[in-house]
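Here it is in structure tokens:
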């Protein structure tokens, strides 16, 4: 990188190559991480980091990773590291292990982006705030790359990627739509980080109409679409269950709608 130029995004070398090669390398990395974690309770840094040239694309979702025989940057395959990590730890306490690894790699640009845009649960308000805040910290190098997310052969800027992957968070927590994507994310992060139960309820009910649009095969739609029914059921959630949906992620709200629909079918 020449002096004065913005920093380029760096990715671990184990995320570059053909699909089968990256699959092998990420599993090896997971096993390596698991071995150190078992011995010391810490994770090792990647052995080699590579700069992503500005003209090259980063594949961020498996559904668009069609050309598996071609070398590519495959960010979505961080999941392979976690699988190797679980295996190294004999699948003991996988959720705390995942959380510990997330906290570790969220201190890197690539780790922050992976957890912000991946379908990894949970998506509570506070966890989502930490994930998006991490992306904001690495905004400049992350902007240097182009990304493939949901449409093959369609390269997205960082702003477009965040809207495509995290639109639910922006819509629920910064619904005005005014300002840059960065500014809206900052607002959403601040609101989620300090959200009360009432704040989360307001965000949830802003997103419920969108969740209902996606829930096409509900058998008791008239009932579960009733806001008073929704409020009654959400009020009945214990603190742990409510925390899991407090970010107002559309997929989490869909899960609630289908669960309520199944319960009504048993009555």
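In the working numbering, the protein residues as written are 5 to 271. Virtual Cβ for every residue (Gly too), placed ideally from N, Cα, C. Everything numeric in this text was worked out from a predicted model, so none of it was measured.
* Can the beta-carbon of residue 273 be found less than 8 Å from the beta-carbon of residue 189? -> Outside the shown range of the chain, which is 5 to 271, sits residue 273, and nothing can be said about it.
* Cβ-based neighbour list, residue 258, same chain, cut-off 7 Å, excluding 5 preceding and 5 following -> Correct list, in chain order: 215, 218, 219.
* **Three-state class that DSSP yields for residue 20 in the structure shown** => For residue 20, the secondary structure class from DSSP, reduced to helix, strand or coil, is strand.
* Measuring CB to CB, does residue 161 end up less than 8 Å from residue 121? -> Taking 8 Å as the Cβ cut-off, residue 161 and residue 121 do not qualify as a contacting pair.
* Asked: Any idea if residue 204 is buried or exposed, counting beta-carbon neighbours within 10 angstroms, 16 or more meaning buried?
  -> So residue 204 counts as buried.
* Asked: Straight-line CA distance for residue 63 to residue 24?
  -> Roughly 15 Å separates the two Cα atoms.
* Give me the Cα-Cα distance between residue 147 and residue 97, rounded to the nearest whole angstrom. => Between residue 147 and residue 97, the C-alpha separation is close to 35 Å.
* Could you check how far apart the C-beta atoms of residue 308 and residue 50 are, in whole angstroms? I think they sit under 8 Å. => Given a span of 5 to 271 for the chain in the structure shown, any question on residue 308 remains unanswerable.
* Kindly list the residues whose CB is nearer than 8 Å to the CB of residue 54, restricted to its own chain and excluding five residues on each side of it in sequence; keep chain order. => Within the same chain, residue 54 has close Cβ partners 14, 15, 16, 17, 20.
* Asked: When DSSP labels each residue in this structure, what does residue 267 get in the three-state scheme?
  -> Note: residue 267 maps to helix in three-state DSSP.
* Just the Cα atoms here: how many angstroms apart are residue 137 and residue 271? -> Near 43 Å, if we compare the C-alpha coordinates of residue 271 and residue 137.
* Taking all protein chains shown into account, do 16 or more other C-beta atoms lie within 10 angstroms of the C-beta of residue 211, making it buried, or fewer, making it exposed? -> In summary, residue 211 is buried, with 16 or more beta-carbon neighbours lying within 10 Å of its beta-carbon over all protein chains present.
* **Identity of the residue in 123, 176, 117 nearest residue 149 by Cα** => Relative to residue 149, the option among 123, 176, 117 whose CA is nearest is 117.
* Under 8 Å between C-beta atoms of residue 144 and residue 58 -> At least 8 Å separates the beta-carbon of residue 144 from that of residue 58.
* **Where the beta strand (DSSP E) containing residue 62 begins and where it ends** => From DSSP, the beta strand (DSSP E) with residue 62 extends over 61-63.
* **Candidates 256, 151, 230: closest to residue 56 by CA position** => Ranking 256, 151, 230 by Cα distance to residue 56 puts 151 first.
* Asked: In the DSSP assignment, what residue or residues form a beta bridge with residue 15?
  -> Per the DSSP secondary-structure output, residue 15 pairs in a beta bridge with 54.
* Cα-Cα, which of 237, 226, 243, 242 is closest to residue 260? -> If we check each option's Cα against that of residue 260, 237 comes out closest.
* Is the beta carbon of residue 39 less than 8 Å from the beta carbon of residue 92? -> Result yes, Cβ atoms of residue 39 and residue 92 sit closer than 8 Å.
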